[in-house]
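Trainee: The opening residue of the sequence shown carries number 4 in the working numbering; numbering runs sequentially from there.
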Amino acid sequence: MAVNIKVTKEESLEYHIGGKIGIDITKPCDTARDLSMAYTPGVAYPCRDIAEDPELAYKYTNKGNLVAVISDGTAVLGLGNIGGLAGKPVMEGKSVLFKAFANIDAFDIELDEHDPDKIVEICKAISPTFGGINLEDIKAPGCFEIEEKLQALVDIPVMHDDQHGTAMITSAALINSLEISGKNIHEMKIVISGAGAAGIACGKMYRLLGAEHIVMLDSKGVIHSKRDDLNKYKAAFAIETEDRTLDDAMKGADMFLGLSAPGIVSKEMIAAMNPNPIIFALSNPVPEVLPELVAEVRDDVMMGTGRSDYPNQVNNVLGFPFIFRGALDVRATKVTENMKMAAAKALAKLAKKDVPQYVKDAYDGADLKFGLDYIIPKPFDRRVLPEVSTAVARAAIEDGVARVSKDFDIDAYYSKLTWQIESEKK
4 MAVNIKVTKE ESLEYHIGGK IGIDITKPCD TARDLSMAYT PGVAYPCRDI
54 AEDPELAYKY TNKGNLVAVI SDGTAVLGLG NIGGLAGKPV MEGKSVLFKA
104 FANIDAFDIE LDEHDPDKIV EICKAISPTF GGINLEDIKA PGCFEIEEKL
154 QALVDIPVMH DDQHGTAMIT SAALINSLEI SGKNIHEMKI VISGAGAAGI
204 ACGKMYRLLG AEHIVMLDSK GVIHSKRDDL NKYKAAFAIE TEDRTLDDAM
254 KGADMFLGLS APGIVSKEMI AAMNPNPIIF ALSNPVPEVL PELVAEVRDD
304 VMMGTGRSDY PNQVNNVLGF PFIFRGALDV RATKVTENMK MAAAKALAKL
354 AKKDVPQYVK DAYDGADLKF GLDYIIPKPF DRRVLPEVST AVARAAIEDG
404 VARVSKDFDI DAYYSKLTWQ IESEKK
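1. Rounded to the nearest angstrom, what separates aspartate 250 and asparagine 179 at their Cα positions?
2. On a CA-only basis, which of Arg328, Ala252, Asp118 is nearest alanine 143? Give me that one, please.
3. Determine which residues share a DSSP beta bridge with phenylalanine 283 and list them.
4. Pull the bridge partners of isoleucine 73 from the DSSP assignment, please.
5. So, is glutamate 139 buried or exposed, given that buried needs 16 or more other C-beta atoms within 10 angstroms?
6. Does DSSP put glycine 197 in a helix, a strand or coil?
7. In this structure, does DSSP put methionine 4 in helix, strand or coil?
8. Are the segment 99-116 and the segment 163-183 touching, with three or more C-beta to C-beta distances below 8 angstroms?
9. Have a look at arginine 247 and alanine 198 and give me their C-alpha separation to the nearest angstrom.
10. Within 10 angstroms of the Cβ of glutamate 291, are there 16 or more other Cβ atoms? Answer buried if so, exposed if not.
11. In angstroms with no decimal places, state the Cα-to-Cα distance between phenylalanine 283 and valine 79.
12. Can you tell me whether glycine 22 is helix, strand or coil according to DSSP?
13. Which residues share a DSSP beta bridge with leucine 220?
14. Using the C-alpha atoms, what's the distance from alanine 346 back to alanine 275?
15. Indicate the three-state DSSP secondary structure (helix, strand or coil) for histidine 163 in the structure shown.
16. Tell me the DSSP secondary structure of glycine 87 in three-state form.
17. In chain order, what residues of the same chain have a beta carbon less than 7 angstroms from the beta carbon of isoleucine 85, not counting five sequence neighbours either side?
18. Among Pro382, Ile217, Ile73, Lys229, which has the Cα closest to the Cα of glycine 135?
19. Does the Cβ-Cβ distance between arginine 397 and isoleucine 424 come in under 9 angstroms?
20. To the nearest angstrom, how far is the alpha carbon of aspartate 302 from that of alanine 351?
21. Roughly how many whole angstroms lie between the Cα atoms of glutamate 2 and tyrosine 63?
22. For isoleucine 242, write down the residues that DSSP places opposite it in a beta bridge.
23. For lysine 235, collect the residues of the same chain with a Cβ closer than 7 angstroms to its Cβ; drop the 5 residues on either side in sequence, then sort them by chain order.
24. I need the DSSP call for glycine 255, collapsed to helix, strand or coil.
25. Look up leucine 96 in the DSSP assignment and say whether it is helix, strand or coil.
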């Protein structure tokens, strides 16, 4: 079931006039007394308390509900290295999604700096303001270095969404695809086209799920053990194989994940895959292979794209707002692998539940139910908030990275988030 969603340039530019985010105040500022409370002299009291106990910043400021969306503009969507200023509409959009889907405030911060060490230094310096840092649209391999170094220096969660958001959501889709197809992930041949931030993160997460045979390709072809031009991140996926091209790799493949370029997968490649193949073609706006072309070749495919006008959209909005929501609410110091996997499993589980009518209505009344055309929830399913955020919060507590008290009631937290979405529907 495809949904016809078209956006013209004129409509988009009109929508973006003046930007997409602003600042609102949460306390009254209408009288002289309000002014004294908001600023001097009243503000001195929380300042002194925070100076004595920094944890009180979570109580007396917006730190616990504030995320920095930080980018150097080197890998913006499908636009490439267009710079921080040109990428600002995307970062503003990310802030919109944080607020709309998880009620998290976010500031977009575009950097005129590309040196990884200097970016780490800048982010560390501003980190006291925020409860979390969302790195965005930073090219590989710099993005890996920045995330690793920065997380080691700060006590708030740092996540490069282009890596982990895509990995988490495709892992959720893969979990359900395995159930539908009856495939064993330990025996599958998985082809990943694209060895950038997202491709490498997905490969790592699939290994955690049990994948043992991953063939990864970059712009020069298959990443194999005889190549001497690989950085350490690509080298981790170098294997002994005779496959050299995508055409070679697709022979006998059980899964294809595309994070590379439009139209690179042919009918012949589709036909050469094993029965009941899984295809996630995520190049945007034009995928590596269109669902219509796949349908001309075979009808046993579980297909997903990055587009909203086809079934099984792999959209990062299903991940990052809710991962950060759960992490912020337990004051996590980092996002662990267990937290990301918990999010993926919660998302996969939700797809098996009956779909509320309001979600169907948002997609022209489509009959959405677990199966080939519905393996991951839709972005407008409000239940993602309590399901994923609670799973993330629980995992943070289990991993010992949460700073909430030991008597934090996870069941009450789930109920609170559920009550929140029920109130929004009314």
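Every residue, glycine too, gets a C-beta built ideally from N, C-alpha and C.
Mentor: Here's the rundown:
1. As the crow flies, the alpha-carbon of aspartate 250 is around 27 angstroms from that of asparagine 179.
2. Of the listed residues, the one whose Cα sits closest to alanine 143 is Asp118.
3. DSSP lists Leu260, Gly307 as the beta-bridge partner residues of phenylalanine 283.
4. Answer by DSSP bridge pairing, in chain order: Ile112, Leu138.
5. The residue in question, glutamate 139, is buried, as its Cβ has 16 or more Cβ neighbours within 10 Å.
6. Of the three classes helix, strand and coil, the one that applies to glycine 197 here is coil, per DSSP.
7. Residue placement at methionine 4 is flagged as unreliable, the pLDDT there being 46, under the threshold of 50; a coordinate-derived value is accordingly withheld.
8. A contact between stretches requires three or more CB pairs, one per stretch, nearer than 8 angstroms, and the segment 99-116 fails this requirement with the segment 163-183.
9. Here the C-alpha atom of arginine 247 lies approximately 15 angstroms from the C-alpha atom of alanine 198.
10. Classification for glutamate 291: buried.
11. Between phenylalanine 283 and valine 79, the C-alpha separation is close to 20 angstroms.
12. Correct three-state label for glycine 22: coil.
13. Answer is Ser196, Val225.
14. Their backbone Cα atoms lie some 33 angstroms apart in a straight line.
15. In the three-state DSSP reduction, histidine 163 falls in the strand class (E or B).
16. Of the three classes helix, strand and coil, the one that applies to glycine 87 here is helix, per DSSP.
17. Cβ neighbours of isoleucine 85 beyond the five flanking positions: Gly76, Val79.
18. The residue from Pro382, Ile217, Ile73, Lys229 with its alpha-carbon nearest to that of glycine 135 is Ile73.
19. The answer is no: Cβ separation not under 9 angstroms.
20. Here the alpha carbon of aspartate 302 sits roughly 23 angstroms from the alpha carbon of alanine 351.
21. Lying before the first or after the last residue shown, residue 2 is absent from the chain, which here runs from 4 to 429.
22. In DSSP, isoleucine 242 forms a bridge with His227.
23. Within the same chain, lysine 235 has no close Cβ partners at all.
24. In this structure, glycine 255 counts as coil in the three-state DSSP scheme.
25. According to the sequence displayed, residue 96 carries glycine and not leucine. Helix.
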